[in-house]
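Take a look at the structure below.
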Amino acid sequence: MFHPSQPRFIPSGWRGWRYPSIVLAMQTLHHLNTLSHIGAGGLALLLGLLPLLSHKGRRLHRLSGWMFVAAGLVVLICAIIGVVVYPRPGPLVMVTLSASYQYLSGLRALPRFHTAPSLLDTLLALAALTGCGLLLSRMASGEASWSPAIGYSTLGFLAVVALYDFSRTLWVTAWRRIRAIDHGLKITATYFAFASAGLGNLARDWQPWSQIGPSLLGLIVMLLLLSRYIRDNRRRGTED
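Under the working numbering, think of the first position of the sequence shown as 1, with each following residue one higher.
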């Protein structure tokens, strides 16, 4: 067994773990990683409001969007370090996997990266589905701030998104026409995943609603964006 704050890569029987200087160094690195994660997360939530509320495709949307991407990258790197080095409950690992996958997939839907889903996208979808399968057995054990119910819902949502991405090679021509909303919905989901994770950790006394609330709000926003996208497309089709 590992000490609750002991990094995974240090064996439990290793005598060096008993030296206070090593313990202090690892704890300091952990605290720095946590502070970086929280700081970048707060910045990402502020920056993410601009592309979410601004006119799509305009300069403000693109500039603020890339700023959100940069802050989000720091958030995810710190989160990945945290779940790899320090033991974490399954639901928290799943939130990290879900946000990371939607972040990457949403970026790769942009025209500047490719004209159609590639082998890399297929491999990413397979990796996400594999992660879902591996983590399914861990969903029974959560903690006060991360209930198994949150893990299961996150797992199901990620599996649906990954299956959708896996199928895109079968309808590439149609996908090219909807890639804008593909990008928009995934980045929006990433934003609200950050919000759910942050509020869930900060407002633990309000569990599980402090996690469910941002997720439900995100779902409503995504449905509104999809509805507007469909309406605008129909309007353009009528004008043509």
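We treat Cβ as the ideally placed atom computed from N, Cα and C, and that holds for glycine.
DSSP three-state assignment for residue i, whether helix, strand or coil
i: His114; result: coil
i: Trp171; result: coil
i: Arg228; result: helix
i: Pro51; result: helix
i: Ser36; result: helix
i: Gln27; result: helix
i: Lys186; result: helix
i: Tyr164; result: helix
i: Pro256; result: Nothing about residue 256 can be reported from this structure: the residues present for the chain run from 1 to 240 only.
i: Gln102; result: helix
i: Ser137; result: coil
i: Gly131; result: helix
i: Tyr191; result: helix
i: Phe9; result: Low confidence applies to Phe9: its pLDDT is 49, below 50, so where it sits in the model is not reliable enough to give any reading.
i: Tyr152; result: helix
i: Gly267; result: Nothing about residue 267 can be read from this structure; the chain reaches only from 1 to 240.
i: Ala180; result: helix
i: Val74; result: helix
i: Ala44; result: helix
i: Ala159; result: helix
i: Ala197; result: helix
i: Ala203; result: coil
i: Ala125; result: helix
Inter-residue spacing [alpha-carbon to alpha-carbon] between residue i and residue j
i: Ala174; j: Gly184; result: 17 Å
i: Leu45; j: Ala195; result: 7 Å
i: Val75; j: Val172; result: 32 Å
i: Asp182; j: Ile81; result: 28 Å
i: Leu50; j: Asp205; result: 30 Å
i: Arg235; j: Leu226; result: 14 Å
i: Tyr101; j: Val160; result: 12 Å
i: Leu107; j: Ala180; result: 11 Å
i: Val69; j: His61; result: 12 Å
i: Ala116; j: Trp66; result: 21 Å
i: Leu120; j: Lys186; result: 17 Å
i: Gly57; j: Arg231; result: 17 Å
i: Val59; j: Leu52; result: The sequence given here places Arg at residue 59; Val does not occur at that position. Computed Cα separation, rounded: 13 Å.
i: Leu24; j: Pro208; result: 33 Å
i: Thr34; j: Asn233; result: 43 Å
i: Ser137; j: Tyr86; result: 19 Å
i: Leu92; j: Asn201; result: 10 Å
i: Val221; j: Leu32; result: 33 Å
i: Leu29; j: Ile77; result: 14 Å
i: Arg112; j: Ala71; result: 20 Å
i: Ala79; j: Arg228; result: 33 Å
Pick from the options that is closest to residue i, judged by C-alpha positions
i: Leu104; options: Leu226, Leu202, Ala189, Gly200; result: Ala189
i: Leu47; options: His114, Phe192, Asn201; result: Phe192
i: Ala245; options: His55, Val83, Arg177, Tyr152; result: Within the shown structure, residues of the chain are numbered from 1 to 240, placing residue 245 beyond reach of any answer.
i: Val84; options: Leu73, Arg228, Leu97; result: Leu97
i: Gly42; options: Leu73, Leu92, Arg59; result: Leu73
i: Ile150; options: His55, Leu32, Gln211, Arg228; result: Gln211
i: Leu129; options: Ala25, Leu163, Arg59, Leu223; result: Leu163
i: Tyr152; options: Met94, Pro208, Gly198, Arg112; result: Met94
i: Ala99; options: Phe113, His31, Gly198; result: Gly198
The ligand FAD heavy atom lying under 6 Å from the CB of residue i
i: Pro208; result: This structure simply doesn't include the ligand FAD, nor any ligand for that matter.
When the Cβ atoms of the segment 117-136 are set against those of the segment 153-168, are three or more pairs found closer than 8 Å?
-> By the criterion of at least three beta-carbon pairs nearer than 8 Å, the segment 117-136 is in contact with the segment 153-168.
Three or more C-beta pairs below 8 Å linking the segment 127-136 and the segment 215-233 = Per the Cβ contact rule, the segment 127-136 is not in contact with the segment 215-233 (fewer than 3 Cβ pairs under 8 Å).
Looking at C-beta atoms only, is the number of pairs between the segment 31-41 and the segment 149-157 that lie closer than 8 Å three or more?
-> In this structure the segment 31-41 does not lie against the segment 149-157, because fewer than three pairs of beta carbons, one per stretch, are closer than 8 Å.
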